[in-house]
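Colleague: Sharing a structure, written as structure tokens. Questions coming.
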Amino acid sequence: LEQPMMHDEL
Amino acid sequence: MNIFRLAGDMTHLASVLVLLLKIHTIKSCAGVSLKTQELYALVFATRYLDIVTDFISVYNTVMKLIFLGSSFSIVWYIRHHRVVRRSYDKDQDTFRHYLLMIPCMLLALFVHEKFTFKEVMWTFSLYLEAVAILPQLVLLQRTRNIDNLTGQYVFLLGAYRGLYIFNWIYRYFTEPHFVHWITWIAGVVQTLLYADFFYYYFESWKNNVRLQLPA
């Protein structure tokens, strides 16, 4: 997974 | 997107709107800490560096633009607006922000998940957001009578943080995940800072008296 999960949060 | 995350974002949005409403319509920023607002502007500027490099969703981009735009315009209003700036409690709002910024930057340089510019900045923004409310809480404590809008602003900000914790718990059980200790710990610390405020907020609400924090 390239995009760690927290980075889609504000 | 789960319900806690959406509710958290909407509460965050509501807090910003309440503050803008106070500043824009009442033309007053009494009881609002410029230091905290400047720290938030820095938080968003350093966290949303990915706005130009990564596309997540329209929702994500729009919200980022709103938080960036609102935080910088609030700072502008308090510093430069002809009428608003006169209501600023400059003598009371004396918290020195570099006392928060420097330790957060050092911590981000040493404790991060990846040593890249974007990642260190993102981590810095998490640490800084965790403590950015402190100048505002100190100012509230010094203010004899806290007006309703300022009280609601801080309450909504605290609620937003609380909802994000529920969001992480939910995501932890429903999504393939990494454990993001940095985000979790910074988030929990940030929420705990509101505990005292919440206590007095509910007390004043229950007893139907004006909110006042003990010195």
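Protein sequence lines, in the order shown, are assigned to chains B and Z.
For the first sequence, our numbering gives the first residue as 12, with consecutive numbering after it.
For the second sequence, our numbering gives the first residue as 53, with consecutive numbering after it.
Note that the Cβ used here is the ideal one computed from N, Cα and C, for glycine as well.
Model, not experiment: these values are computed from the prediction.
1. Extract the residue ranges of the alpha helix (DSSP H) inside the region 84-163 of chain Z, only unbroken runs of 4 or more that lie entirely within it.
2. Using three-state DSSP, classify E255 of chain Z as helix, strand or coil.
3. How is N167 of chain Z classed by DSSP in three states: helix, strand or coil?
4. For S123 of chain Z and N200 of chain Z, what's the separation of their Cα atoms in angstroms?
5. Report yes if the C-beta distance between V104 of chain Z and A182 of chain Z is below 7 Å; otherwise report no.
6. Please classify V70 of chain Z as buried or exposed, where buried requires at least 16 other C-beta atoms within 10 Å of its C-beta.
7. Which residues, taken in chain order from the region 231-264 of chain Z, show a beta carbon closer than 7 Å to some beta carbon of chain B?
8. I need the straight-line Cα distance from F249 of chain Z to F207 of chain Z, nearest angstrom please.
9. Is it buried or exposed, K74 of chain Z, if we count other Cβ atoms within 10 angstroms and call 16 or more buried?
10. So I221 of chain Z and T243 of chain Z are in contact, right, with Cβ under 8 Å, and what is the actual spacing, rounded?
11. DSSP state of M173 of chain Z, grouped into three classes?
12. Please confirm if I108 of chain Z has its CB atom under 7 Å from at least one CB of chain B.
13. Give a yes or no on whether the minimum CB-CB distance between M115 of chain Z and chain B is below 7 Å.
14. With K79 of chain Z and V114 of chain Z assumed to form a contact (beta carbons below 8 Å), what rounded beta-carbon distance in angstroms separates them?
15. My assumption, with CB atoms under 8 Å, is that G60 of chain Z sits in contact with N260 of chain Z. Please give the rounded CB distance.
16. Identify which residue in Z:L101, Z:L152, Z:L120 and Z:E255 has its Cα closest to the Cα of P187 of chain Z.
17. For a test of the three-state rule: what should DSSP assign to Y246 of chain Z, helix, strand or coil?
18. Over what stretch of residues does the alpha helix (DSSP H) that includes S187 of chain Z continue unbroken?
19. Report yes or no: do three or more beta-carbon pairs, one from the region 139-159 of chain Z and one from the region 82-89 of chain Z, lie closer than 8 Å?
20. Give the DSSP-derived three-state secondary structure of L65 of chain Z in the structure shown.
21. In this structure, does DSSP put N350 of chain Z in helix, strand or coil?
Modeller: Taking the definition as stated:
1. Along the length of the region 84-163 of chain Z, whole alpha helix (DSSP H) runs at least 4 residues long occupy 86-99, 110-132 and 150-162, reported in chain order.
2. Against the second sequence, residue 255 of chain Z aligns to sequence position 203. For E255 of chain Z, the secondary structure class from DSSP, reduced to helix, strand or coil, is helix.
3. The residue labelled residue 167 of chain Z in the question sits at position 115 within the second sequence. Per the sequence shown, the amino acid found at residue 167 of chain Z is Phe instead of Asn. Coil at F167 of chain Z, not helix or strand.
4. To locate residue 123 of chain Z, count along the second sequence from 1; it is residue 71. To locate residue 200 of chain Z, count along the second sequence from 1; it is residue 148. Whole-angstrom Cα-Cα distance: 20 Å.
5. Position 52 of the second sequence, counting from 1, holds the residue named residue 104 of chain Z. Position 130 of the second sequence, counting from 1, holds the residue named residue 182 of chain Z. V104 of chain Z places its beta carbon 7 Å or farther from that of A182 of chain Z.
6. As a working mapping, residue 70 of chain Z is identified with position 18 in the second sequence. Classification for V70 of chain Z: buried.
7. So the close ones are H232 and T235.
8. As a first step, residue 249 of chain Z must be located in the second sequence, where it is residue number 197. As a first step, residue 207 of chain Z must be located in the second sequence, where it is residue number 155. Their Cα atoms are separated by approximately 8 Å.
9. The residue you call residue 74 of chain Z lines up with position 22 of the second sequence. Buried is the call here.
10. Your numbering for residue 221 of chain Z matches position 169 in the second sequence. Your numbering for residue 243 of chain Z matches position 191 in the second sequence. Their Cβ separation, rounded to whole angstroms, is 12 Å, which puts I221 of chain Z and T243 of chain Z out of contact at 8 Å.
11. Within the second sequence, the letter at position 121 stands for residue 173 of chain Z. Helix at M173 of chain Z.
12. Taking the second sequence and counting its residues from 1, one reaches residue 108 of chain Z at position 56. Yes, I108 of chain Z counts as interfacial toward chain B.
13. Looking up residue 115 of chain Z in the second sequence gives position 63. Proximity of M115 of chain Z to chain B, defined by a Cβ-Cβ separation below 7 Å, is satisfied.
14. The sequence position of residue 79 of chain Z within the second sequence is 27, counting from 1. The sequence position of residue 114 of chain Z within the second sequence is 62, counting from 1. Under the criterion of beta carbons closer than 8 Å, K79 of chain Z and V114 of chain Z do not qualify as touching, at roughly 28 Å.
15. For the purposes of this step, residue 60 of chain Z is taken as the residue at position 8 of the second sequence. For the purposes of this step, residue 260 of chain Z is taken as the residue at position 208 of the second sequence. Actually they are not in contact, since the Cβ atoms of G60 of chain Z and N260 of chain Z sit about 28 Å apart, beyond 8 Å.
16. Residue 187 of chain Z sits at position 135 when you count from the first residue of the second sequence. With distances taken between Cα atoms, P187 of chain Z lies closest to Z:L152.
17. Counting from one through the second sequence, the residue named residue 246 of chain Z turns up at place 194. The answer is coil: DSSP assigns Y246 of chain Z none of H, G, I, E or B.
18. Taking the first residue of the second sequence as position 1, residue 187 of chain Z is located at position 135. According to the sequence provided, residue 187 of chain Z is Pro. The question's Ser does not apply to it. Start and end: L186 to R194.
19. Flag = yes, the region 139-159 of chain Z and the region 82-89 of chain Z touch.
20. One-based indexing of the second sequence puts residue 65 of chain Z at position 13. Of the three classes helix, strand and coil, the one that applies to L65 of chain Z here is helix, per DSSP.
21. Not covered by the structure: residue 350 of chain Z. The range shown for chain Z is 53 to 267.
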